[in-house]
Amino acid sequence: MNKKTKEKTLNTIVFIFAVAAALLFLMPTVLTLVNSFMTTSEIKANYGALLGNTAENRETFVSKNINLKFIPDKVTFDQYKSVLFRSPDYLLKFWNSVILTVPITLFQVVVAILSSYGFSRHPSKPKGIIFFVYVILMIMPYQVTLVPNYLVADKFGLLDTRWSIILPGIFSPFSVYLISKVMRRIPISYVEAAKLDGATEFQILTKIYVPLCKSAIVSVTMLVFIDYWNMVEQPLIMLKDTSLHPLSVFLSQINAGDVGLAFAVGVVYMVPTVLMFLYGEDDLVEGITYAGGIKG
Amino acid sequence: MKKEKGNLKERIFSYLCILPGFLGVLVFFVVPFIIVVYYSTINNPILHEYVGLTNYKALVQNTAFKQAAWNSAYFSLISVPLSIVLSIILALMLERSIPYKSALRTFFLSPLMVPTASVVIVWQVLFHNHGTINQICEMFGGNGVDWIKSPHGQIIIVAMFLWKNLGYNMILFMSALAGVPKDILEVADLEGAGKLYQFFRIKLRYLSPTIVFVLILSIINSFKVFREVYLLTGDHPVSKMYMLQHFMNNTFKSLDYQKLSAAAVLFAIVMIAVLAVILTVDRIFGKDLED
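Line by line, the protein sequences give chains A and B.
For the first sequence, the working numbering begins at 9 and goes up steadily by one.
For the second sequence, the working numbering begins at 1486 and goes up steadily by one.
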């Protein structure tokens, strides 16, 4: 066998593996989507056993086994109707997620753009030290940072309010790290040229730095948003009042009750982030790539 | 890099830009953390007597803490290397000239942007006692296990972690692979070096800074896996899945500030030590790449 055909066969094998892997990656998302169009009774018949101990009596009606189904017998929007119009609880929790995640993302990115600009212009020793503190902070998991966050929230009487999650979230240093990596690569000659044209410092920031970092900013916005959209740790500790909990926490309790709705709720919950992904995938990839460049 | 000349006004502006973020970090993280360190060395919040390392000793002898620390460390030790190896394999696959590359990239990356909470029910269906995986096992004459409620639950958590994070790491490795100089590979080809040799002797060296980055990132992410565990099993998982965050949650509930503080400080020290070791090892072995 000559080299070329060998290469070709190898590519075919790799392609088959890649497709198989891609199907595995897509499966949970697609299954959630497809199952969300089933009727509630079909879901109960197939997945009733998930109810487990909480509905012992019901197990006599439904099959003991869980049957994973790819195609609904009958396509309906019943689940969505129930989620959107008949169960205000889900919408309320969805709103809780929005009202926590949106301000955190927005302000974290704004604070980060300002900070990164400050770090990348006129580097100095004090700035280096501050940045080092940020990096150390960035590697700290929630198990470390939640304790000081809790102390502050307790001191200022913020416990059991959304502020106890929003305020520390705004100052989380992850996006500073990523955006300053990109800003530091902007050649100083751009700044000098702008200054010759009479640009103020603020204009240099808004007219040169921000547009040049657009993909990094979009990318960071998406990553921060999905991270907080997924939040579980903070609400469990900061919010004893479960009516303030976001949907990401609430969904863990759903299986006990409404299995019939779980898929549709899941789909509704993934709509914002999946739309972001479809819209901004290229920026996301570019931003991730920048962040990975070690020498920056 | 060329040093920028600038007047005082510009310097002041650049510090003003840092100020809001820095104040926030001071108020919400740095200052309270110093208080946390202080709390970890006193006996109780009323008497404020200095007790040295007593709280730490009590912590490391605490059975629940030991269990949680071991489970979390065990999870990281399994999932982090796996995620590095598998994402390199994905990146190498997409490096070849195969069709639909950009669609495949999208598919691999997509779990990153799908909320875990949305799909947790699918994982439950797959791994339930009477669920899909067990049915497949039984079809081949095996015996199913109750995945979620048994020590095997760790496998589900590892799978969920990989599902979520492989795409992100893959992107990083893809860009690193694109940076391997083509001429070196061509020379290696001409001199008859096999693909494996080329990978281990050439590509891997160019990947090493990215491996370090992904390693650090994956360690950080591996401590967020509590989310998956919580969504899958709720407040009371089997002991094998009792993670550090569960321990912290329970300690928060009892408001034992001394235990909490000691745990946070100890964990912070461990994280810094791990980072220092990784960076030192990288400096020693990465030397010949610098020039």
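Don't be surprised by glycine CBs; every beta carbon is placed ideally from N, CA and C.
Beta-carbon spacing of residue i, residue j below 8 Å
| i | j | result |
| --- | --- | --- |
| Tyr-125(A) | Tyr-198(A) | no |
| Val-1565(B) | Ser-1724(B) | no |
| Arg-1581(B) | Val-22(A) | yes |
| Asp-249(A) | Asp-168(A) | yes |
| Met-146(A) | Pro-176(A) | no |
| Met-1717(B) | Leu-259(A) | For the sequence presented, residue 1717(B) should be read as Leu rather than Met. Their beta carbons are not under 8 Å apart, which means Leu-1717(B) does not touch Leu-259(A) by this criterion. |
| Ile-1503(B) | Ile-138(A) | yes |
| Thr-297(A) | Leu-1657(B) | yes |
| Tyr-98(A) | Val-273(A) | yes |
| Leu-1729(B) | Ala-1549(B) | no |
| Phe-93(A) | Leu-255(A) | no |
| Ala-1661(B) | Leu-1681(B) | no |
| Val-1510(B) | Phe-179(A) | yes |
| Ser-1499(B) | Arg-129(A) | yes |
| Tyr-1742(B) | Tyr-1559(B) | no |
| Ser-183(A) | Gln-116(A) | yes |
| Thr-1617(B) | Leu-31(A) | no |
CB contact check: residue i to chain A, cutoff 8 Å
| i | result |
| --- | --- |
| Gly-1509(B) | yes |
| Ile-1769(B) | no |
| Pro-1596(B) | yes |
| Ser-1603(B) | yes |
| Leu-1709(B) | For the sequence presented, residue 1709(B) should be read as Lys rather than Leu. Yes, contact with chain A. |
| Cys-1502(B) | yes |
| Gln-1730(B) | yes |
| Ser-1564(B) | no |
| Asn-1735(B) | no |
| Arg-1496(B) | yes |
| Gly-1679(B) | no |
| Gly-1719(B) | yes |
| Leu-1589(B) | yes |
Residue-chain proximity (residue i, chain B), Cβ-Cβ < 8 Å
| i | result |
| --- | --- |
| Ser-256(A) | yes |
| Gly-126(A) | yes |
| Leu-274(A) | Per the sequence shown, residue 274(A) should be read as Gly rather than Leu. Yes - at least one Cβ of chain B is within 8 Å of the one on Gly-274(A). |
| His-253(A) | no |
| Phe-285(A) | yes |
| Val-135(A) | Reading the sequence as shown, one finds Lys at residue 135(A) and not Val. At least one chain B Cβ lies under 8 Å of Lys-135(A). |
| Thr-297(A) | yes |
| Thr-44(A) | The amino acid occupying residue 44(A) in the given sequence is Ser; Thr does not appear at that position. No, Ser-44(A) lies away from the interface with chain B (no Cβ there is under 8 Å from its Cβ). |
| Gln-151(A) | yes |
| Ala-26(A) | yes |
| Arg-170(A) | no |
| Asn-10(A) | no |
| Gly-300(A) | yes |
| Ser-90(A) | no |
| Ile-174(A) | no |
| Pro-36(A) | yes |
| Glu-50(A) | no |
| Pro-156(A) | yes |
| Thr-84(A) | no |
| Lys-14(A) | no |
| Glu-64(A) | A caution first: Glu-64(A) carries a pLDDT of 41, below 50, which makes its placement in the model unreliable, though a value can still be read off. No, Glu-64(A) does not count as interfacial toward chain B. |
| Pro-181(A) | yes |
| Ala-29(A) | yes |
Opening and closing residue of the alpha helix (DSSP H) in which residue i lies
| i | result |
| --- | --- |
| Asp-1777(B) | Since the displayed chain B opens at 1486 and closes at 1776, residue 1777(B) lies outside it and no answer follows. |
| His-130(A) | No alpha helix (DSSP H) holds His-130(A); DSSP gives it neither H nor E. |
| Phe-1711(B) | 1711 to 1718 |
| His-1721(B) | Counting along the chain, His-1721(B) falls outside any alpha helix (DSSP H), and DSSP gives it neither H nor E. |
| Glu-289(A) | 267 to 300 |
| His-1613(B) | Element bounds for His-1613(B): n/a, residue is neither H nor E. |
| Tyr-55(A) | 48 to 55 |
| Tyr-150(A) | 150 to 163 |
| Leu-1692(B) | 1689 to 1707 |
| Lys-77(A) | Segment: none, Lys-77(A) is in no alpha helix (DSSP H) and carries neither H nor E. |
| Arg-1590(B) | 1586 to 1594 |
| Val-1570(B) | 1548 to 1580 |
| Ser-95(A) | First-last for Ser-95(A): undefined, no H or E at that position. |
Chain D contact for residue i (CB, 8 Å cutoff)
| i | result |
| --- | --- |
| Trp-103(A) | Among the protein chains in the structure shown, which are A and B, there is no chain D. |
Pairs of beta-carbons, one from the segment 1649 to 1667 of chain B and one from the segment 1593 to 1603 of chain B, closer than 8 Å: are there three or more?
yes
Okay, do the segment 154 to 164 of chain A and the segment 215 to 230 of chain A touch, 3+ Cβ pairs below 8 Å being the bar?
no
Pairs of beta-carbons, one from the segment 126 to 139 of chain A and one from the segment 277 to 294 of chain A, closer than 8 Å: are there three or more?
Between the segment 126 to 139 of chain A and the segment 277 to 294 of chain A there are fewer than three C-beta pairs closer than 8 Å, too few to call the two in contact.
Check whether the segment 1624 to 1641 of chain B and the segment 1683 to 1698 of chain B touch, using three or more Cβ-Cβ pairs below 8 Å as the test.
Contact fails between the segment 1624 to 1641 of chain B and the segment 1683 to 1698 of chain B, because fewer than three Cβ pairs, one in each stretch, are under 8 Å apart.
Starting from the N-terminal side, write out each stretch of the alpha helix (DSSP H) that is 4 residues or longer and does not extend beyond the segment 190 to 255 of chain A.
Unbroken alpha helix (DSSP H) runs of no fewer than 4 residues, entirely contained in the segment 190 to 255 of chain A, are found at 196 to 204, 222 to 237 and 241 to 246, following chain order.
Per the contact definition of three or more C-beta pairs closer than 8 Å, is the segment 1752 to 1767 of chain B in contact with the segment 1532 to 1542 of chain B?
Contact between the segment 1532 to 1542 of chain B and the segment 1752 to 1767 of chain B is absent: fewer than 3 CB-CB pairs across the two stretches fall below 8 Å.
Taking contact to mean at least 3 C-beta pairs separated by less than 8 Å, is the segment 1639 to 1650 of chain B in contact with the segment 82 to 95 of chain A?
No, because fewer than three Cβ pairs between the segment 1639 to 1650 of chain B and the segment 82 to 95 of chain A fall closer than 8 Å, the two stretches do not touch.
Are three or more beta carbon pairs between the segment 261 to 280 of chain A and the segment 32 to 42 of chain A nearer than 8 Å?
These segments touch.
Of all the beta strand (DSSP E) runs that stay within the bounds of the segment 1635 to 1670 of chain B, which reach a length of 3 or more residues?
none
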